[in-house]
Structures are given as structure tokens and as C-alpha cells.
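Using full-length UniProt numbering, you'd call the opening residue of the sequence shown number 1 and step up by one each time. We put the beta carbon where it would ideally sit given N, CA and C, even for glycine. Single-structure report; data block below.
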Amino acid sequence: MSEHVQAGIAKEADAGIKSVLSSALERLSPGYFALVMATGIVSVGLYLVGFMRLSTVLLWITAAAYVVLWGLYIWRAVRHRQAMRRDLRGPEMAFAYFTVVAGTGVLAVRLLHSGYAGLAIPLVLFAAVLWFIFGYVLPWQVFMTRDGKPILSRTNGSWFIWAVASQSVALGLANAQPFLPGDGRWVGILTVLSWSVGVALYAGIAILVLLRVIHYGITAREFEPPYWVAMGALAIAVVAGTNIVNMESTPMVEATRTLIEGTIVVFWSFCLWLIPMLVGAGVWRHFIRKIPLAYTPTLWSMVFPIGMFSVASVTLGRVDSLPTVEALGEVAVWIAVAVWAIVFIAMLRHFVLLFIRTGREHAWRRDLQQVDTH
Numbered sequence: 001m002s003e004h005v006q007a008g009i010a011k012e013a014d015a016g017i018k019s020v021l022s023s024a025l026e027r028l029s030p031g032y033f034a035l036v037m038a039t040g041i042v043s044v045g046l047y048l049v050g051f052m053r054l055s056t057v058l059l060w061i062t063a064a065a066y067v068v069l070w071g072l073y074i075w076r077a078v079r080h081r082q083a084m085r086r087d088l089r090g091p092e093m094a095f096a097y098f099t100v101v102a103g104t105g106v107l108a109v110r111l112l113h114s115g116y117a118g119l120a121i122p123l124v125l126f127a128a129v130l131w132f133i134f135g136y137v138l139p140w141q142v143f144m145t146r147d148g149k150p151i152l153s154r155t156n157g158s159w160f161i162w163a164v165a166s167q168s169v170a171l172g173l174a175n176a177q178p179f180l181p182g183d184g185r186w187v188g189i190l191t192v193l194s195w196s197v198g199v200a201l202y203a204g205i206a207i208l209v210l211l212r213v214i215h216y217g218i219t220a221r222e223f224e225p226p227y228w229v230a231m232g233a234l235a236i237a238v239v240a241g242t243n244i245v246n247m248e249s250t251p252m253v254e255a256t257r258t259l260i261e262g263t264i265v266v267f268w269s270f271c272l273w274l275i276p277m278l279v280g281a282g283v284w285r286h287f288i289r290k291i292p293l294a295y296t297p298t299l300w301s302m303v304f305p306i307g308m309f310s311v312a313s314v315t316l317g318r319v320d321s322l323p324t325v326e327a328l329g330e331v332a333v334w335i336a337v338a339v340w341a342i343v344f345i346a347m348l349r350h351f352v353l354l355f356i357r358t359g360r361e362h363a364w365r366r367d368l369q370q371v372d373t374h
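The structure is reproduced here in C-alpha cells:
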């Protein structure tokens, strides 16, 4: 085979690889930062129950995923602006971008636990800025959509991530209070504000999702993992609430401390009640309706609520002196670790199989080219 033909085959293979990468980047899920959320909160759970080494490993996986995903999102915004714009305007996908806010907040909290305040404080402030911008821009984009399809029929579990993002800001600010300048009054105001907004958003979104299910119904294929965020959004409200209860006194914190302390017990109870329903829906989806169990990025939206519920149970048990709740949380941490490991391995397997399949396709094309040249 001549060098000219070999160079042509190599050039075509390289172009094929770039085409596959470009296609994967174009289809990159807006909610992939749920990987950061899930890994970060499981790391927090392990930290709370005293397994520091494993917690630290997950912390660095969280940080690495955060950096890589930011690079991919920016690359996608440059190379596939139309696809990103379509996601931003689509009611089915737009609210998944709030995983960026929540992932930033969760990573910041975990870094604070390990004493990396110099890294964590800018992340907390960055999350607050993103929350403020996204909180107005994304809903406006969605609610102004006029493509002939009812918006209500397109609501789904990813909408709850809007409430999660708000609570992640409250959680980050509550943990950052000792490291921020001043007497903490403005921190107390912003923390209680973001917690309260998160609770109000949860109530509104829950009504919309319930109306969608009642009016339009929901199929097994439509009942995707993000519906677990209905539980996770309340669980993070419990975690943020326990941290507000433990904050240094400010006028706003003192005005709401007793209310929040009682409310989070109610929220935790509702979280616990939701779990059998969500598990049952999963059984219905996969074992009765036979939807295949396969890796999708949305699975991280299921891991996150499980991890957050474990952390909510541990923190609530300690703050309100509820040993049974704390013990339940310690068990739930290991359930969260197991679920995280299963999904993480499935993700790695998915990437490996994708790489192998791509390699085989290019090998087949190369062999075909070689046959044609003879």
C-alpha cells in the first residue's frame, strides 16, 4: 500500500474520531453536573460518619468531574451553540442546567469540611451568582417558549433541581459564615432567603408536576430518574435547615430558627414517605413495563437524592437529638455508596464500550479502504 493511501486512511480515521467526539459533545446532557452533586454529597456523608479516606477519594473525583464538565460545557457552547440554545429553551431540559449551581454548592461545602476555605468561599459566592442569574433567565426562557406544545405537559422531575439549586446556596452560605467578613447579618439574610425561596419553589413545582401527571398521565418511559429529585429537593432543605439552625446568631437567623427547626422534621418525614413510592415506581418502570436498565446521565439524579437523604438523616439526628434518625442515616450512607459505585461503574463501562465501538467502526472502514485499493 502506498504512503499516499495510508495517509488518506489515517486522515479519514482521524476525521471519524473527531466526528464521533463532536456528536457526543453535541448530545452532552445539560444535567451532567448531577455527577458532581451525587459524588460530592456521598463524600459528605462518608465524612460525617468518619470514613475520611474514602470520603477524600470521592472529594477528588468530585473536583475532577467539576473541572472536566466545565471544560466540556464551555466547549459545547462554542462548538454547538444551537444545541445548547435548544436545551435552554426546552421545558424538558432547561432546568437541568441548575445542576451547575447545585454541583458548585455541594463541592464548596465538602471543601469547607476539609479546611479548603480558600477554594470553597469563591465557589460559594460563584454558586450564589449563578443561582441569581439562572433563577431568572432559565424560567423566563422556558415560560416564553411558544412552539405549539403545552408547557404543562412537558414538566418533569428535573424541574425540582431549581429548588435544589436554591437550597445548595443556602447550605453553602451557612457553612461559609465563619469565613466571611463582617458581622454576618447579610449572610444570615441571604441564607434564610435562599432556603425560603427553595421551599416555595418546591411547593410550586410539586403542584405543576402533580397537575401534569393528573391531566396528561405519565408513561413508564417518561418516569425517568430525575423524578427522584422530588425527594432530594426536600432532603437538601433539611440539610440546609440544620446548618441554619447551627449558624451564629443574626437577626434573620434568630427570627426563623425555631420555625426552621420544626419544619425540617416535617420535611424529613415526607422524604422518608416518598422513598417506597419512588422505589415502587422504579420496579413498575423496569420490571413490569420492561424499560431496559441501561446507563444514562440522568441516573446521577437518582444517586444524589439517596446521598442527600442519608446526610439529612445524620445531620437532623444530631441537631435535634434523634438517635434513631441518625442511625438510619448512617445505614443510608452505605446504601448511597453502593448505588454510587454501581452507577459510576456503569458510566465507565458505557465510555469504554463507546470507545471500543468507535475503534471497531474505524477499523472496519480502514479494512474496507484497504480492500478497495487492491
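**OP:** Between the Cα of Val303 and those of Met37, Ile291, Leu25, spot the shortest distance and give me the residue it belongs to.
**Re:** Comparing Cα-Cα distances from Val303 to each of Met37, Ile291, Leu25, the minimum goes to Met37.
Original post:
Alpha carbon to alpha carbon, how far is Ala10 from Ala128?
Top reply: Caution is warranted here: a pLDDT of 49 is assigned to Ala10, below 50, making its placement in the model unreliable, and no coordinate value can be reported.
**OP:** Helix, strand or coil for Ile9, going by three-state DSSP, please let me know.
**Re:** Note on Ile9: pLDDT 48, under 50, position unreliable in the model; no value is reported.
Subject >> contact_flag[the stretch 259-279, the stretch 312-320] where n(CB pairs < 8 Å) is 3 or more >> reply: In this structure the stretch 259-279 lies against the stretch 312-320, because at least three pairs of beta carbons, one per stretch, are closer than 8 Å.
**OP:** Taking Leu171 and Gly71 to be in contact with their CB atoms under 8 Å, please state how far apart those CB atoms are, rounded to whole angstroms.
**Re:** Contact between Leu171 and Gly71 is absent: CB atoms are separated by about 25 Å, not below the 8 Å threshold.
Original post:
Cβ of Arg54 within 8 Å of Cβ of Leu48?
Top reply: Checking the sequence, you will find Leu at residue 54 rather than Arg. No. Outside cutoff.
**OP:** Please report how far the alpha carbon of Ser43 lies from the alpha carbon of Gly148, in whole angstroms.
**Re:** Ser43 and Gly148 have their C-alpha atoms roughly 44 Å apart.
Original post:
Can you tell me whether Ile356 is buried or exposed, with buried defined as 16 or more other CB within 10 angstroms of its CB?
Top reply: Under this definition Ile356 is an exposed residue.
Original post:
What's the gap between the Cα of Gly232 and the Cα of Glu326?
Top reply: The straight-line gap from Cα to Cα measures roughly 17 Å.
**OP:** Could you name the residues of the same chain whose beta carbon sits closer than 6 Å to that of Pro225, not counting the 5 residues immediately before and after it, in chain order?
**Re:** Thr298, Leu299, Ser301, Met302.
**OP:** Specify the secondary structure class of Asp87 as computed by DSSP and reduced to three states.
**Re:** In the displayed model, Asp87 falls within a helix according to three-state DSSP.
Original post:
So, using beta-carbon positions, are Ala174 and Tyr202 closer together than 8 Å?
Top reply: The answer is no: Cβ separation not under 8 Å.
Original post:
Roughly how many angstroms lie between the CA atoms of Leu353 and Phe33, to the nearest whole one?
Top reply: Here the alpha carbon of Leu353 sits roughly 22 Å from the alpha carbon of Phe33.
Original post:
Beta-carbon separation of Thr62 and Ile161 under 8 Å?
Top reply: Here Thr62 is not near Ile161, since their CB atoms are 8 Å or more apart.
Original post:
Does the pairing of the stretch 174-188 with the stretch 108-125 give three or more beta-carbon distances under 8 Å?
Top reply: Touching, yes.
Subject >> Closest Cα partner of Leu58 within the set Arg76, Leu107, Ile74 >> reply: Checked all of Arg76, Leu107, Ile74; the closest Cα to Leu58 is Leu107.
Original post:
If you check the beta carbons only, do Pro30 and Tyr97 fall under 8 Å apart?
Top reply: Yes; because the gap between Cβ atoms is below 8 Å, this pair is in contact.
Original post:
Run through DSSP, which three-state label would Tyr116 get?
Top reply: For Tyr116, the secondary structure class from DSSP, reduced to helix, strand or coil, is coil.
Original post:
Buried or exposed: Trp131, going by 16 or more other Cβ atoms within 10 Å of its Cβ?
Top reply: Here Trp131 is buried, its C-beta having at least 16 other C-beta atoms within 10 Å.
Original post:
Pairing CB atoms from the stretch 278-294 with CB atoms from the stretch 213-225, are three or more of them under 8 Å?
Top reply: The answer is yes - the stretch 213-225 touches the stretch 278-294, with three or more Cβ pairs under 8 Å.
Subject >> Local conformation of residue 383 per DSSP, three classes >> reply: The structure shown has nothing for residue 383, since the chain only spans 1 to 374.
Subject >> Buried/exposed call for Gln167, threshold 16 Cβ in 10 Å >> reply: Buried, by the Cβ-count rule.
Original post:
Assuming Ile151 contacts Val142 under a Cβ cut-off of 8 Å, what Cβ separation, rounded to an integer in Å, is found between them?
Top reply: The distance from the Cβ of Ile151 to that of Val142 is about 7 Å, consistent with a contact at the 8 Å cut-off.
Original post:
Which ranges would you report for the alpha helix (DSSP H) in the stretch 24-87 if only whole runs of at least 4 residues count?
Top reply: Here the runs fully enclosed are 34-48, 52-79.
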